[in-house]
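*Asks:*
Residue numbers (the working numbering): 41 to 335.
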């Protein structure tokens with residue numbers, strides 16, 4: 041059996057600041073054990089504090105990481121937003137440039153439109169003037185046609201008659217009037233075709249054909265009938281009588297080279313007595329049959 045040594049009666053310092061005589065024997069060990077036990081009572085508290093601190097620190101670290109990530113995302117979004125803003129700024133500058141160009145073009149277009157309107161007004165005034173001139177000449181023409189039709193009975197040539205036709209004095213002037221009207225309306229009509237003036241069914245009218253030919257004269261049931269002038273696009277023209285849409289009766293055909301035939305016609309062909317005059321003044325008089333000279 042172990043002998044516990046005796047402890048001297050010295051004063052033992054208490055951890056709580058009090059002092060008392062040191063216990064003797066086993067009571068001393070019991071007191072030491074109690075003191076140590078009381079010290080271990082604080083270990084769970086200290087551990088709890090440490091754990092709480094660590095958990096709090098961990099949570100704060102997580103929050104800090106989340107904050108840093110959020111700020112990084114915000115910085116990234118801000119960078120992208122700045123980039124988009126630069127792109128929009130560039131597009132806005134391009135749009136402004138395009139707008140300025142369109143404004144210049146619009147100003148040019150407005151000038152062109154104003155010029156066109158002015159030209160249209162001027163053209164309308166010219167057309168009105170030409171229309172008044174045409175109405176005046178048309179009245180004169182009607183009177184001359186009446187005179188020509190009265191004299192036409194004397195100069196009309198039927199097949200196989202033996203008289204050389206002598207046109208009335210009004211014939212040349214009337215033919216020129218018809219030519220003037222044809223030239224006038226050919227210029228005024230532009231590319232228009234069909235009946236461009238008057239009555240082309242039953243009366244006096246002007247018709248322009250698709251190939252450029254033009255007829256100025258009398259109509260009956262939509263066909264050439266009576267007195268009229270047919271101007272060919274290649275330069276020749278015929279002035280005289282028509283029947284059932286064909287040259288028939290007496291008429292003058294002037295070729296593009298200046299030669300003329302003056303005489304009888306039958307169903308669109310030279311027929312009967314006639315004379316052909318060359319540009320140099322030479323002339324041939326004879327009988328014609330179905331478009332051919334026979335004597």
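We treat Cβ as the ideally placed atom computed from N, Cα and C, and that holds for glycine.
Let me check one thing: in DSSP terms, what residues is residue 292 bridge-paired to?
*Replies:* Partner(s): 279, 302.
*Asks:* List in chain order: all unbroken alpha helix (DSSP H) runs of 4+ residues lying wholly within the stretch 97 to 149.
*Replies:* Correct list: empty.
*Asks:* In whole angstroms, what is the alpha-carbon distance linking residue 328 and residue 315?
*Replies:* Approximately 9 Å, taken between the alpha carbons.
*Asks:* Based on DSSP bridge pairs, tell me the residues matched to residue 254.
*Replies:* For residue 254, which the question treats as bridged, DSSP gives the partners 248, 271.
*Asks:* By Cβ distance below 7 Å, which residues in the same chain neighbour residue 287 in space, the five residues on each side in sequence not counted?
*Replies:* Only 278, 280, 305, 308 meet the Cβ criterion.
*Asks:* Would you mind reading off the limits of the beta strand (DSSP E) that contains residue 237?
*Replies:* Segment 234 to 238, the beta strand (DSSP E) holding residue 237.
*Asks:* Going by the CB atoms, is the gap between residue 262 and residue 282 shorter than 7 Å?
*Replies:* No. Outside cutoff.
*Asks:* In the DSSP output, which residue or residues are listed as bridge partners for residue 87?
*Replies:* Partner(s): none; residue 87 has no beta bridge.
*Asks:* If I'm right that residue 260 touches residue 242 with Cβ under 8 Å, what's the distance once you round it to whole angstroms?
*Replies:* About 6 Å; that satisfies the 8 Å criterion.
*Asks:* Rank 301, 297, 102, 98 by C-alpha distance to the C-alpha of residue 291 and give the top, closest one.
*Replies:* Considering only alpha carbons, the answer is 301.
*Asks:* Going by beta-carbon coordinates alone, are residue 256 and residue 295 separated by less than 7 Å?
*Replies:* Not in contact: residue 256 and residue 295 (Cβ atoms no closer than 7 Å).
*Asks:* Where does residue 162 sit, in a helix, a strand or coil, going by DSSP?
*Replies:* Helix at residue 162.
*Asks:* What separation, rounded to the nearest whole angstrom, lies between the Cα atoms of residue 325 and residue 313?
*Replies:* Cα-Cα distance, rounded: 8 Å.
*Asks:* If contacts are defined as beta-carbon pairs under 8 Å, then residue 246 and residue 238 qualify, I think. What distance do you get, rounded to the angstrom?
*Replies:* Right, their Cβ atoms sit about 6 Å apart.
*Asks:* Since residue 225 and residue 236 should fall inside the 8 Å C-beta cutoff, what is the C-beta to C-beta distance between them, to a whole number of angstroms?
*Replies:* Between residue 236 and residue 225 the Cβ distance is about 6 Å, and since that is below 8 Å, they are a contact.
*Asks:* Excluding the 5 residues preceding and the 5 following residue 335 in the sequence, name in chain order all residues of the same chain whose CB lies nearer than 7 Å to its CB.
*Replies:* Counting only Cβ-Cβ distances below 7 Å, and skipping sequence neighbours, we find 326, 327.
*Asks:* For the beta strand (DSSP E) containing residue 309, name the first residue and the last one.
*Replies:* Residue 309 -> beta strand (DSSP E) spans 309 to 317.
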